[in-house]
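Asker: Per our numbering, residue 148 is the first one in the sequence shown, and the count goes up by one each step.
Where a beta carbon is used, it is the ideal one built from N, C-alpha and C, also for glycine.
No experiment lies behind these values; they were computed from the predicted model shown.
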Amino acid sequence: MESTINVSELRRRLLKLLGEGKADLYPFETEKSYPHILQRIVDFWRSPELDAYFENLLTTERNDRQGFPEKVLIELFRLSNLHADYGLSKSAGAWEDSPDPDLSRRL
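1. Check whether the stretch 159-170 and the stretch 207-216 touch, using three or more Cβ-Cβ pairs below 8 Å as the test.
2. Would you mind giving the Cβ-Cβ distance between L157 and V189, rounded to the nearest angstrom? I have them listed as a contact below 8 Å.
3. Would you tell me roughly how many angstroms separate the C-alpha atoms of L164 and F191, rounded to the nearest one?
4. Would you identify the three-state DSSP class for D171, choosing helix, strand or coil?
5. Let me know the secondary structure DSSP gives R158 once reduced to three states.
6. Between the beta-carbon of H230 and the beta-carbon of L204, is there less than 7 Å?
7. Using only alpha-carbon positions, find the residue among L226, Y181, V154 and K218 that is nearest to E202.
8. What's the gap between the Cα of A199 and the Cα of S155?
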């Protein structure tokens with residue numbers, strides 16, 4: 148039996164984890180369309196596993212995936228960048244080889 152995701156509780160927890168001044172990074176579109184992803188983000192916050200999870204979400208070698216809507220992709224990308232700044236994993240992140248290294252600053 149699938150458990151129900153308490154989105155209100157996840158929102159409260161993630162806003163607390165993001166900290167003061169970062170509420171604008173809260174992923175409302177992700178919450179609405181992909182609450183199971185929001186659950187994993189909250190569960191893995193401040194762990195190296197989240198960097199790997201973001202990399203898996205944001206990159207693929209499969210051609211049969213449709214991808215996320217643009218708003219969701221931007222939310223996930225911003226959270227991924229914030230989390231990568233914590234320096235918890237050895238990987239520099241999914242976007243380290245981007246031809247435009249300042250792209251994340253403009254999104």
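Answerer: Considering the structure as presented:
1. no
2. Looking up residue 157 in the sequence shown gives position 10. Looking up residue 189 in the sequence shown gives position 42. The Cβ separation is near 5 Å, so the contact holds.
3. In the sequence shown, counting from the first residue as 1, residue 164 sits at position 17. In the sequence shown, counting from the first residue as 1, residue 191 sits at position 44. Cα to Cα, the separation comes out at about 11 Å.
4. Counting from one through the sequence shown, the residue named residue 171 turns up at place 24. The answer is helix: DSSP assigns D171 an H, G or I state.
5. As a working mapping, residue 158 is identified with position 11 in the sequence shown. In the structure shown, R158 sits in a helix (DSSP, three-state: H, G or I).
6. On the sequence shown, position 83 is the one that residue 230 refers to. On the sequence shown, position 57 is the one that residue 204 refers to. No, the Cβ-Cβ distance between H230 and L204 is not below 7 Å.
7. Here residue 202 refers to the residue found at position 55 of the sequence shown. Ranking L226, Y181, V154 and K218 by Cα distance to E202 puts L226 first.
8. Here residue 199 refers to the residue found at position 52 of the sequence shown. Here residue 155 refers to the residue found at position 8 of the sequence shown. Near 25 Å, if we compare the C-alpha coordinates of S155 and A199.
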